[in-house]
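Trainee: Numbering (UniProt numbering), first residue to last: 1 to 1127.
Every residue gets a Cβ at the ideal spot worked out from N, C-alpha and C, and that includes glycine.
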Amino acid sequence: MVWLSIGCSHFDTTRVPAARGTLGEEIVRVFCERMASEANPTDVMGLRWKPVCRGEVQPPGDAPRQLVVLMENRERLARALDQVLPEDAIGDDLGFFLGELLPLYDAPEERLPRNTRLLAELLETLRDDREAMEALARIGTREGYRPLRLALGVVRPVLAYEDFDEFANLALRVVSDDPADPADGLAAGEWQEMQRALALEMATLEPPDPVPAGEQTDLEIARELMFTQQDAFGSGTSRWLLIRDARGLALPASGTVVAPFVDMDTDGLADVDVMGRFVDATGSAMADLPRPFRVMGETGIARDPGGRALRSDGSRYFEYLDVDRTLLAAMVRDAGPLFDATTPTALQLSRGVRAILGPEMTLTETYGTETLTYEGPDTSRGSMFDMVYALSEMMHRDTTDRALALVETLMRDHEPETAALVMAADYMLDRSDMHGEAVLEQPNVLWDGLIQIGIEYAQEPGLMEAMIRSFADPRSAQLGEVYGGLMRHRDRITYDPSDPNGDPIGMPLDQRVDRSMPDTQDNESLFQRTIALIDGLNGVQVCNRAGAKLNMTLHIGPISLPLSYPLIGTADECELIRIDNVAEAYALSILGDYELELQDGFLNFMVDAADFLGINVDDALEESSGIEGLTRRPTPEAMARLVFWGLSNETGTESCTPAADGGDCNSTFAGQLFAPVLDRHGNDVVATYHGTIFAWEQPGFFEGMTPMLEVLHRPEFRYSDAGEYRFGQLITALHRHWASREHWLTQRTNPTGANFSFQDGGMRYEELVADGFVEGRLLERLQRAAAVTDAVEVEPGRDGLRVLAEASMDLIDPARNAGLATRDGRTTIPTNDGAREFAVTPLLLVLDGLRNMDRDLDASPDRRDPWRTARDRLATQFLGTRPLGDQATFTNRRGRAILLTILPFLRERLAEHRAAGDLVEWSRDLVPDTEEMMRSPLVWSGVRFLDRVQDDAEARDALSRLIGYLVNEASTNDAFAATLYAGADLLQVLEDDETILPLVHALSQALAPDALDYVAGMDDDGVLDIEHSVANDGLGLIRSVQARDTRRTLRQILANLVQLTDPDDGRTPLEEILDVIGEINRATPGAGGTFDAEDYEATFDATRGFMTDEVRGLERLFDVVQARDIR
1 MVWLSIGCSH FDTTRVPAAR GTLGEEIVRV FCERMASEAN PTDVMGLRWK
51 PVCRGEVQPP GDAPRQLVVL MENRERLARA LDQVLPEDAI GDDLGFFLGE
101 LLPLYDAPEE RLPRNTRLLA ELLETLRDDR EAMEALARIG TREGYRPLRL
151 ALGVVRPVLA YEDFDEFANL ALRVVSDDPA DPADGLAAGE WQEMQRALAL
201 EMATLEPPDP VPAGEQTDLE IARELMFTQQ DAFGSGTSRW LLIRDARGLA
251 LPASGTVVAP FVDMDTDGLA DVDVMGRFVD ATGSAMADLP RPFRVMGETG
301 IARDPGGRAL RSDGSRYFEY LDVDRTLLAA MVRDAGPLFD ATTPTALQLS
351 RGVRAILGPE MTLTETYGTE TLTYEGPDTS RGSMFDMVYA LSEMMHRDTT
401 DRALALVETL MRDHEPETAA LVMAADYMLD RSDMHGEAVL EQPNVLWDGL
451 IQIGIEYAQE PGLMEAMIRS FADPRSAQLG EVYGGLMRHR DRITYDPSDP
501 NGDPIGMPLD QRVDRSMPDT QDNESLFQRT IALIDGLNGV QVCNRAGAKL
551 NMTLHIGPIS LPLSYPLIGT ADECELIRID NVAEAYALSI LGDYELELQD
601 GFLNFMVDAA DFLGINVDDA LEESSGIEGL TRRPTPEAMA RLVFWGLSNE
651 TGTESCTPAA DGGDCNSTFA GQLFAPVLDR HGNDVVATYH GTIFAWEQPG
701 FFEGMTPMLE VLHRPEFRYS DAGEYRFGQL ITALHRHWAS REHWLTQRTN
751 PTGANFSFQD GGMRYEELVA DGFVEGRLLE RLQRAAAVTD AVEVEPGRDG
801 LRVLAEASMD LIDPARNAGL ATRDGRTTIP TNDGAREFAV TPLLLVLDGL
851 RNMDRDLDAS PDRRDPWRTA RDRLATQFLG TRPLGDQATF TNRRGRAILL
901 TILPFLRERL AEHRAAGDLV EWSRDLVPDT EEMMRSPLVW SGVRFLDRVQ
951 DDAEARDALS RLIGYLVNEA STNDAFAATL YAGADLLQVL EDDETILPLV
1001 HALSQALAPD ALDYVAGMDD DGVLDIEHSV ANDGLGLIRS VQARDTRRTL
1051 RQILANLVQL TDPDDGRTPL EEILDVIGEI NRATPGAGGT FDAEDYEATF
1101 DATRGFMTDE VRGLERLFDV VQARDIR
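#1: Compare the C-alpha of Q195 against each of L857, T204, T1099, N1032 and name the closest.
#2: Would W744 be called buried (16 or more neighbouring beta carbons within 10 Å of its own) or exposed?
#3: Between D334 and R894, is the Cβ-Cβ spacing less than 8 angstroms?
#4: Flag this pair as yes or no: are the beta carbons of E201 and L938 separated by less than 8 angstroms?
#5: Below 8 angstroms on the Cβ atoms is my guess for P292 versus Y389; work out the distance and round it to an integer in Å.
#6: Out of curiosity, what's the CA-to-CA distance linking W940 and G376?
#7: Between the C-alpha atoms of Y105 and F1118, what's the straight-line distance to the nearest angstrom?
#8: Buried or exposed: I451, going by 16 or more other Cβ atoms within 10 Å of its Cβ?
#9: Please classify A1123 as buried or exposed, where buried requires at least 16 neighbouring CB atoms within 10 angstroms.
#10: In or out: A309 buried (at least 16 other Cβ within 10 Å) or exposed?
#11: Roughly how many whole angstroms lie between the Cα atoms of D611 and M464?
#12: Restricting to Cα atoms, I'd like to know which of T299, V158, D918, G248 is closest to R277.
#13: By a C-beta neighbour count over all protein chains shown, 10 Å radius and 16 as the cutoff for buried, is V927 buried or exposed?
#14: How is the beta strand (DSSP E) around Y367 delimited, first residue to last?
#15: Identify every run of the beta strand (DSSP E) within the stretch 885-932, keeping only runs that are complete inside it and at least 3 residues long; order them along the chain.
#16: Should R325 and G307 be called a contact, given that it needs their Cβ atoms to be closer than 8 angstroms?
#17: Pick from E25, A302, E131, R34: whose alpha carbon is nearest that of A80?
#18: Let me see if you follow: with CB-CB separation under 8 angstroms, is D398 close to chain B or not?
#19: Confirm, please, whether the CB-CB distance from E393 to P830 is below 8 angstroms.
#20: Look at the Cβ atom of V155, then the Cβ atom of F164, and state whether they are nearer than 8 angstroms.
#21: Taking the straight line between their C-alpha atoms, what separation do you get for E224 and S238?
#22: A695: which of R641, H737, R924, V711 sits nearest, CA to CA?
#23: What is the rounded straight-line gap between the Cα of L561 and the Cα of A620?
#24: Should the stretch 861-870 be regarded as contacting the stretch 341-348, the criterion being three or more beta carbon pairs within less than 8 angstroms?
#25: Please return the same chain residues whose Cβ sits closer than 6 angstroms to the Cβ of E190, not counting the five positions on each side in sequence.
#26: Starting from I559, trace the beta strand (DSSP E) in both directions and tell me its first and last residue.
#27: If you scan the stretch 709-752 from start to end, which runs of the alpha helix (DSSP H) of 4 or more residues do you find wholly inside it?
#28: How far does the beta strand (DSSP E) with E370 in it reach, from first residue to last?
#29: Would you list the one or two residues that DSSP bridges to Y320?
#30: DSSP three-state label for H681, please.
#31: Tell me which same chain residues have a C-beta within less than 7 angstroms of the C-beta of T635, skipping the five on either side of it?
#32: Classify E143 as helix, strand or coil using the three-state DSSP reduction.
#33: Kindly provide the ranges of any alpha helix (DSSP H) runs that are 4 or more residues long and lie completely inside the stretch 500-588, ordered along the chain.
#34: With DSSP as the reference, identify every bridge partner of P252, one or two as the case may be.
#35: Is the beta carbon of D593 less than 8 angstroms from the beta carbon of H713?
#36: Going by DSSP in three states, Q229 sits in which element: helix, strand or coil?
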């Protein structure tokens, strides 16, 4: 009946599938069954282990230890895997992606198998390097050295970067040479050179030479600077960094060794065992010592809100630093704009660097027993090093130190005035882009001429300082508006012949110079005419003409009294009046110090006549001349009318014809005495310079000129050693370089001839300078800055202006720089036209360096233009200003704080070397040290690579975006914090040579598998192999994978790997997976605690075994995939 019932019953043919867990659980099951089959190879079906591997029952007592540990962590590992591979989000995409990868298994390339075999070889090499394994063990004890969520460093933000796959694809396109795509491999050659150089550097890295007791290493100095703290650097939110000692280990609180730490060997450091674990007095590791920051699984540890471990009394175990308030943090923050993808300042600067390092030549570098030959820069011809040399020749001077102190004080204590002056200069720089006409003729010697004047001023005791002080005088501030107007306009300003003592005619100025036209007589600016007039009158003597007879009528009440002089006959030339230097006389009249040079006979006659008539001599002169202010101490207005006595019409362009009675001249007095005045070139003053001198009567000119004229007319400064009138000399220096080569009057062929000018075209800068003077308020702001500088006492007896003067004299005076030579040994530097030589001074070194840089950059416009754009943008970023009332402030508050940190730090270094007696040597070592660094194979190959990458605009922009993301505080994934902590930790661990060197040596073999053998002279073929390296092959593999990942599955997987499981937890799936794999494969699976060298060896060996096992490892998988039926 039973069988009948069964036979008659309905038979359900529906297939009942095996119970299936999540994808993570299934992956764990597969690995569990693999371990089980290895332990029980006779259980072909694995029936005994299936329930165990599904998590339904506990592993039996004889289960392999690795399997037990795996199942103990089954839930943890599966959860992490599910987070990385969520079926509902990427299930279908994952299957598609894995299917697309199948061709990478196939012969003959075997892209995936080849890479795993290379990786297995590397793991075996690392496993066998005992020093490297011990170094890893020491690093492993440093758990909890960062906040938990930052434990992965920059790996997490990089892998989680939204555009990581795009960046990787573009980067790989640049560095990997795919024969199938001719556009690929743009920088493949440069990349390989950099890889080769890095492998050799890593393989031969040695600890630095020890420094003498009491001195700091370069790294210590850099750390001291970068860890300087200021509120201006921070965001207001503390980020606590663990401070480490020279071993890279946590530093006990306050840097002192107190319980529970011990210092039994009295080296000043807390004692540790061979693995770097802190020990007690018995030498045993302190298992209950808290980690500096929270670690997974900890309980009962007291911590403050910043996560720092606390003792029972509330004090901290370890020393910390608020890294958010450090200079390092400020510089990372300020790096953001440098990597803006639309304006990649940093990359644009690097574009120009290659041009100024020097032309390429064949160089060699020794690594171990081998010599690398490469094409590198001839730094002896690199203009960048000319600038470094100029800097080195200034660094060791006391005047430089005092100047740095002054700059620091001005920026810190007098920011409004300092920023306003910078704003004015920046305004001119910005306006220069709008004034394409502002270009001097080439070659020109304008600056050479001004330098010569500067040298003479520096060599006249007190003159340089006095001239600088004149700019602090409030009266000088108004000259900006005055000079700006003179430069912009070409008006002819004269006076009314019917009222010669009235105000000038033609004010205010309103006729602009036409900059599209040459400087013809009717198109010269008033400024150009002014300096030409002063030059023309400099040294010109004006006397009464021979045969002159002065007929005067003096009015005494209702009585008119005619007088004549000479009483008998006529006067000889210069018998009545003689003005020895008209330009000097006029300048002195501005100061009120000029005495009209009436000759003795005439003066006595005037005095006697005045006494007889009971009138004042000065009144008599004014009345007889008809010129108000023409007294024995004439006003400048009176001097102008006396010199330009010959005007006979309102335009001021026509001269009268002198006669015994003065003819039709505006001044009968002057007409009777003088012949038409000629300048020192023989030009008629009225005809040549008409409408010029009266423009000086505008408000502010005389008062503004007074401070400088007061200095130049002091008895000790008035004339040069050669007897030249200094003010006239200064103006002539300008005039001789101001005209263009189209000028209507000057000539440049005969230096000794009339109207000579170098015709350098200084007038082309007038509109730009006027912009700076007027809208930029340059002279006004210069006066305010000079005034506060005057009030700064840099050191007893030296105020700021004296410091500036001394620094200026040091820069420019050859007498203060005896024996100074250029970098290539020349003791003179030619002028711009090569016509003569200057003795070398620091200023000339700087100018020569800048000229050389311009030469090198001009030879490569594609490098020059981005360099200059980036240079200007960098200056704006750190020295940009904004208005603040009538003054200004620096826009970038962090940038100001950075400068105010670097300046005193630099001065401290100078003081240390000065005290040690090696300041000059240290300063001058800057040049060879910089040259050596920049021409090293690694740095040079990096420069070439970065330069080449920029030829691919997409790759360049992708690189900028990635770096910008990492340094942007607003970025997700803790990118900014991870970058900041990485930089800070790097500054602290690089001195741990015992740990760093073995790892670096070992990892060199990832770049070149034979790196260590090669530098030891043990390589079979004597050729460094980078082609078959894990790094090189891995890049090619990733490129191939990227090309097949059309659904961006890999990007999602990588991002999932590093997403925090819980924002408050701080752990990522990647860390969980690695922890479990490590616990399973360590020497004693599941032992817990930190790994020792044997644990790392076992883990590396297990991983290598899985990759190479032909029965149950990846090699078996490769065989299966390669044997598939491809139709």
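Mentor: Taking the geometry as given:
#1: The candidate whose alpha carbon is nearest that of Q195 is N1032.
#2: Around the Cβ of W744, a 10 Å sphere holds fewer than 16 other Cβ atoms; the residue is exposed.
#3: Contact flag set, yes.
#4: Using a Cβ distance threshold of 8 angstroms, E201 and L938 count as a contacting pair.
#5: About 46 angstroms separates the Cβ atoms of P292 and Y389, ruling out a contact at the 8 angstroms cut-off.
#6: Rounded to whole angstroms, W940 to G376 spans 7 angstroms at the Cα level.
#7: Each residue's Cα considered, the two are about 6 angstroms apart.
#8: Residue environment: I451 is assigned as buried (16 or more neighbouring CB atoms within 10 Å of its CB, all protein chains considered).
#9: Exposed, because fewer than 16 other Cβ atoms sit within 10 Å of the Cβ of A1123.
#10: Buried is the call here.
#11: When the Cα atoms are used, D611 and M464 turn out to be separated by approximately 47 angstroms.
#12: That would be G248, whose Cα lies nearest to the Cα of R277.
#13: With 16 or more Cβ atoms within 10 Å of its Cβ, V927 is classed as buried.
#14: In the DSSP assignment, Y367 falls within the beta strand (DSSP E) that extends over 360-367.
#15: Correct list: 887-890.
#16: The answer is no: Cβ separation not under 8 angstroms.
#17: Looking at E25, A302, E131, R34, the one whose alpha-carbon comes closest to that of A80 is E25.
#18: This model lacks chain B altogether; it includes just one protein chain.
#19: Going by C-beta atoms, P830 is not nearer than 8 angstroms to E393.
#20: Not a contact, by the Cβ cut-off of 8 angstroms.
#21: Computed Cα separation, rounded: 19 angstroms.
#22: Answer by Cα proximity: R641.
#23: Linking L561 to A620 through their CA atoms gives a straight-line distance of about 12 angstroms.
#24: Segment contact: the stretch 861-870 against the stretch 341-348, three or more CB-CB distances shorter than 8 angstroms; contact assigned.
#25: R944, F945, R948, listed in sequence order.
#26: Segment 559-565, the beta strand (DSSP E) holding I559.
#27: Qualifying alpha helix (DSSP H) stretches, in chain order: 726-738.
#28: First-last of the beta strand (DSSP E) with E370: 370-377.
#29: Bridge partners of Y320: L242.
#30: DSSP places H681 outside both helix and strand once states are collapsed to three, so it counts as coil.
#31: Once the five neighbours on either side are set aside, the close Cβ partners of T635 are S589, G629.
#32: E143 falls in the coil class under three-state DSSP.
#33: Look at the stretch 500-588 and you find these whole runs of alpha helix (DSSP H), each 4 residues long or longer: 526-537.
#34: Per DSSP, F318.
#35: Closer than 8 angstroms, so yes.
#36: If DSSP states are grouped into helix, strand and coil, Q229 belongs with the strands.
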